[in-house]
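Below, the structure is given as structure tokens:
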């Protein structure tokens, strides 16, 4: 038994099965991210006055990541084009670049995550707030509680709202320095992880899900680049289709980032 | 019309030879048990896997319901027979064999979840869709057989996760099948996290299935199988697949967010100032409980049409076959199904009139809700009119199909007062709602599914199910189903709320001076009747279960087309071999050519060659 139109286009629909399949899958992905983006909109619109953060993310790193993904979209396209003109060497080169670009993206993303997780906001017993990155390597809260002091690189503010808009002139002018806080002065502390507020929650969820998509896409592309490329010798046309279909997924993942970047970093 | 038929590469002869070769090849390497029944990529095996598993889950969901009905009729009284077993398995929540309110809540949540996501949808869409759709369009298999297998395995895992959640400390999810936040996050059990992980697996399974179905129907139709020659069943599956494809992902998004709320302690659905047990919760706040409801019902309402459309498809096939005449208004049926599919995406907030989302939004959604009833009524009307003037063969599948029509009619019409905000404010969350949607799904969809089982059983096994016991099954189910659900309308109108674990005893006891009794004694009495009708309904399923397994080996042997049907699924060998068709079928006519004038038999198969079929000039005979 053989399933028709796995490689050749069906004459009346003008498409082969897998390409239709991936487009349908991408339609469902649009609805998935659409649901999450509408959650973002509702959370942001519903946030209390002045409590939605601005400028919390590193725009430079975000821009670099955007460029990396844009570049990987080009190399993906070129890899497919190389398959089309039956140039296997070029395919290897271009998709090799795609994988490297994707891994660099994930590396930068992990650095950004680490930065957020090492960033603490501490409510002090005197009603003020200390905010900054831990200087010590160990962040064992219970241990630090016993040793008595914490050292942060950051600053102390009167009102939590001052921490919300980091693009404001006051926030830009704030002086960051090493501050040491006694454990006894701490009312509550927590890092900028998902539970910090709804912004970090949606930031980690959206970019985390996107990063999972990048990871999945990279694994698939790596498979076609490495062990899966044996099919090139037996059935180059089918192999080219595979590159096209995985490329469509990759372009979609890039496109999601094109929406994520302005929504999370620039506004 | 004839000129439009696609000319395909002439691979018919070559294909047949190839199929022969493949078969010979297969005989050499007979696939082992695992390969054949567990890791099968054959759409027919996967369909049967789905079918058996979802029937088991439906039975399990039914047992949960029986236990709940006992608790409602006799609150706090130990469950007879099963009580000690419950206590042995579940421990404290079932102390002394009685059902605690917490356990009642988790049974309620899991009954809904299991019936919808593990029972009816997999049976209607995945089981029948998998088995019948490729046969009906003349395809050798689904477009992506391995995805199909992955879909079933994901479904299986999802089911396991749901079942396991009963045994973890704290028990299964307790926040209703709708899992409204913040309730779903504040109940101290990991059951909710299990529920969410299970749902993600089930959603993955549905998505893989939906992609596969749509691609199969678009790409693998046999030569000559144009869109308007597809049986209505295929259209119904097609629209259903699109609904699943586009409506499920927002619930997956919502599920991920609620999982974050439960596991990473975010506040997506938790408002500022949320107090739990009289204490301010340790959360950042700022979330929106309404957001969950929007995302949930964005799936939840289209899901209703996922439940009902495949059932309508099954009923349409059986009615055309047993009235021995073409389906009345085939095109109206197709366009109505498409319109229902489209409109089902913009009616969801009629589940939320009571949330205070605003008058204008409510007005919009009650308008769309009223509009969507139009195509549903068209579909039902077409089916009723199809009966007109037919010489109806009454057999078990037809009985169930005929039972479906009025039952779905009652379910649909009683939904209208719920679709209008003014009357819904009163009826919301009462037993009236329970009665309404159970009439749609239980005597509606499930009857259609029984009809489908009786109808396609001969194709799967080469034997018919026993007719006498089939009729016993139908009449008993029909009677007791109505005794179970009809009183609930009255209870709901009298104000009985749907989630009370004591069946309303405390509420009925709360008497306000000079006011009408909250729940009169007659309404409370109905609880007892419903319990016994439900038990009788359970007993009525025993003939079906025995009949199903007994007939596999002992049923009356039949040929490949025992119902003398026209559609391609009956033009294959029985049971269909791997690859389905001996020759690639060439479709030359519409799906319901019954009693064509001048034809030797009263049915003309879709792939019967033109020369021996319809008369040269059909107008002569009119």
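Protein chains in written order, with our numbering: chain A, -5 to 261; chain B, -18 to 603. From the three backbone atoms N, C-alpha and C, an ideal C-beta is built for every residue, glycine too.
Q.
Spatial neighbours of residue 146 of chain B within its chain, please: C-beta separation below 6 Å, excluding the five flanking residues on both sides.
A. Stepping through the second chain from its first residue, residue 146 of chain B is reached at position 165. Taken in chain order, the residues that qualify are 153, 172, 175.
Q: Using a Cβ cut-off of 9 Å (strictly closer), state whether residue 218 of chain B contacts chain A.
A: Mapped onto the second chain, residue 218 of chain B falls at position 237. Put simply, the CB of residue 218 of chain B is far from chain A, with every gap to its CB atoms at 9 Å or more.
**Q.** Cutoff 9 Å: residue 42 of chain A Cβ touching any chain B Cβ
**A.** Taking the first chain and counting its residues from 1, one reaches residue 42 of chain A at position 48. The beta-carbon of residue 42 of chain A is placed less than 9 Å from the nearest beta-carbon of chain B.
Q. Where does residue -1 of chain A sit, in a helix, a strand or coil, going by DSSP?
A. Locating residue -1 of chain A in the first chain gives position 5, counting from the first residue. It is coil, neither helix nor strand.
Q) Can you tell me whether residue 507 of chain B is buried or exposed, with buried defined as 16 or more other CB within 10 angstroms of its CB? A) Here residue 507 of chain B refers to the residue found at position 526 when the second chain is read from its first residue. The residue is buried, with at least 16 neighbouring Cβ atoms inside 10 Å.
Q | Paired residues, beta bridge with residue 538 of chain B - DSSP | A | As a first step, residue 538 of chain B is located in the second chain; it is residue number 557 there, counting from the start. Bridge partners of residue 538 of chain B: B/444.
Q.
Under 9 Å, CB to CB, which of the residues in the region 171 to 185 of chain B have a partner in chain A?
A. none
**Q.** Cβ-Cβ distance between residue 248 of chain A and residue 64 of chain A below 9 Å
**A.** Taking the first chain and counting its residues from 1, one reaches residue 248 of chain A at position 254. Taking the first chain and counting its residues from 1, one reaches residue 64 of chain A at position 70. It is a contact, given that the beta carbons lie within the stated cut-off.
Q.
Between residue 160 of chain B and residue 103 of chain B, how many whole angstroms is the CB-CB distance? I'm expecting something under 8 Å.
A. If you number the second chain from 1, residue 160 of chain B lands on position 179. If you number the second chain from 1, residue 103 of chain B lands on position 122. About 20 Å separates the CB atoms of residue 160 of chain B and residue 103 of chain B; that is not less than 8 Å, and the two are not in contact.
Q) What residues of chain A sit near residue 114 of chain B, judged by a beta carbon separation below 8 Å? A) Within the second chain, the letter at position 133 stands for residue 114 of chain B. Contact annotation for residue 114 of chain B against chain A: no contact, minimum CB-CB distance about 14 Å [criterion: below 8 Å].
Q.
Quick check: is the beta carbon of residue 233 of chain B nearer than 9 Å to any beta carbon in chain A?
A. Your numbering for residue 233 of chain B matches position 252 in the second chain. Yes - at least one Cβ of chain A is within 9 Å of the one on residue 233 of chain B.
Q. Looking at the C-beta of residue 9 of chain A, does it have a partner C-beta in chain B at a distance below 9 Å?
A. Taking the first chain and counting its residues from 1, the one referred to as residue 9 of chain A is at position 15. Output row for residue 9 of chain A: interface = yes.
Q. Nearest to residue 62 of chain B by alpha carbon, out of B/531, B/49, B/478, B/78?
A. Residue mapping note: residue 62 of chain B aligns to position 81 of the second chain, counting from 1. Among B/531, B/49, B/478, B/78, the Cα nearest to that of residue 62 of chain B is on B/78.
Q: Return the Cβ separation of residue 536 of chain B and residue 445 of chain B in integer angstroms, given the expectation that the two are a contact with Cβ distance under 8 Å.
A: Numbered from 1 along the second chain, position 555 holds the residue referred to as residue 536 of chain B. Numbered from 1 along the second chain, position 464 holds the residue referred to as residue 445 of chain B. 5 Å between Cβ atoms; contact.
Q) So, helix, strand or coil for residue 23 of chain A, using DSSP? A) Stepping through the first chain from its first residue, residue 23 of chain A is reached at position 29. Three-state result, residue 23 of chain A: helix.
Q. Just curious, the beta strand (DSSP E) that residue 149 of chain A is in, first and last residue?
A. As a working note, residue 149 of chain A is residue 155 in the first chain. Start and end: 143 to 151.
(Q) Against chain B, does residue 23 of chain A count as a neighbour if the rule is that its beta carbon must be under 9 Å from one of theirs? (A) One-based indexing of the first chain puts residue 23 of chain A at position 29. Yes - at least one Cβ of chain B is within 9 Å of the one on residue 23 of chain A.
Q: Could you list which residues in chain A have their beta carbon closer than 7 Å to that of residue 134 of chain B, in chain order?
A: For this step, residue 134 of chain B is matched to residue 153 along the second chain. Near residue 134 of chain B there are no residues of chain A at all, since even the closest Cβ is about 18 Å away, more than 7 Å.
Q: Indicate whether at least one CB of chain A lies closer than 9 Å to the CB of residue 74 of chain B.
A: Against the second chain, residue 74 of chain B aligns to sequence position 93. Interface flag for residue 74 of chain B against chain A is unset, since no Cβ pair is found closer than 9 Å.
Q: Indicate whether at least one CB of chain B lies closer than 9 Å to the CB of residue 27 of chain A.
A: Here residue 27 of chain A refers to the residue found at position 33 of the first chain. For residue 27 of chain A, the answer is yes, since a Cβ of chain B falls inside 9 Å of its Cβ.
Q | Residue ranges of each alpha helix (DSSP H) within the region 318 to 371 of chain B, 4 or longer | A | The region 318 to 371 of chain B contains these whole alpha helix (DSSP H) runs: 340 to 368.
Q. For residue 189 of chain B, which three-state DSSP category applies?
A. Within the second chain, residue 189 of chain B is the residue found at index 208, counting from 1. Of the three classes helix, strand and coil, the one that applies to residue 189 of chain B here is helix, per DSSP.
Q. Residue -1 of chain A versus chain B: which residues are under 7 Å apart at the beta carbon?
A. One-based indexing of the first chain puts residue -1 of chain A at position 5. Here the neighbours are 200.
Q) Hey, is residue 209 of chain A's beta-carbon within less than 9 Å of any beta-carbon in chain B? A) Counting from 1 along the first chain, the entry for residue 209 of chain A is found at position 215. No - not a single Cβ of chain B is within 9 Å of the one on residue 209 of chain A.
(Q) Just to check my reading of the structure: residue 567 of chain B and residue 203 of chain B have Cβ atoms closer than 8 Å, yes? What is that Cβ distance to the nearest angstrom? (A) The sequence position of residue 567 of chain B within the second chain is 586, counting from 1. The sequence position of residue 203 of chain B within the second chain is 222, counting from 1. Yes, residue 567 of chain B and residue 203 of chain B are in contact; Cβ-Cβ is about 7 Å, under 8 Å.
Q) So what does DSSP say about residue 126 of chain A, is it helix, strand or coil? A) Taking the first residue of the first chain as 1, we reach residue 126 of chain A at position 132. Correct three-state label for residue 126 of chain A: strand.
Q.
For residue 142 of chain A and residue 178 of chain A, what's the separation of their Cα atoms in angstroms?
A. Your numbering for residue 142 of chain A matches position 148 in the first chain. Your numbering for residue 178 of chain A matches position 184 in the first chain. Rounded to the nearest angstrom, the two C-alpha atoms are 7 Å apart.
(Q) Against chain B, does residue 249 of chain A count as a neighbour if the rule is that its beta carbon must be under 9 Å from one of theirs? (A) Translated into positions along the first chain, residue 249 of chain A becomes position 255. Not an interface residue.
Q. So, is residue 343 of chain B buried or exposed, given that buried needs 16 or more other C-beta atoms within 10 angstroms?
A. If you number the second chain from 1, residue 343 of chain B lands on position 362. Buried, since its Cβ has 16 or more Cβ neighbours within 10 Å.
Q) Which residues does DSSP pair with residue 171 of chain A in a beta bridge? A) For this step, residue 171 of chain A is matched to residue 177 along the first chain. In the DSSP output, where bridge partners are listed per residue, residue 171 of chain A has A/148.
Q) Can you tell me whether residue 550 of chain B is buried or exposed, with buried defined as 16 or more other CB within 10 angstroms of its CB? A) To locate residue 550 of chain B, count along the second chain from 1; it is residue 569. So residue 550 of chain B ends up on the buried side.
Q.
Against residue 196 of chain B, what residues of chain A qualify as contacts under a CB-to-CB distance less than 7 Å, listed in chain order?
A. Locating residue 196 of chain B in the second chain gives position 215, counting from the first residue. Those are 11, 14, 15, 18, listed as they occur along chain A.
**Q.** For residue 182 of chain A, the three-state DSSP class (helix, strand or coil)
**A.** As a first step, residue 182 of chain A is located in the first chain; it is residue number 188 there, counting from the start. Three-state result, residue 182 of chain A: strand.
(Q) I'd like to confirm the pairing. Which residues does DSSP put opposite residue 53 of chain B in its beta bridges? (A) Residue 53 of chain B sits at position 72 when you count from the first residue of the second chain. In DSSP, residue 53 of chain B forms no bridge with anything.
Q. Of all the residues that make up the region 97 to 113 of chain A, which are near chain B by a beta-carbon distance shorter than 9 Å?
A. For the region 97 to 113 of chain A, which is checked against every Cβ of chain B, not one residue is closer than 9 Å.
Q.
Check for me: the beta strand (DSSP E) holding residue 427 of chain B runs from which residue to which?
A. One-based indexing of the second chain puts residue 427 of chain B at position 446. Neither: residue 427 of chain B is in no beta strand (DSSP E) and is coded neither H nor E.
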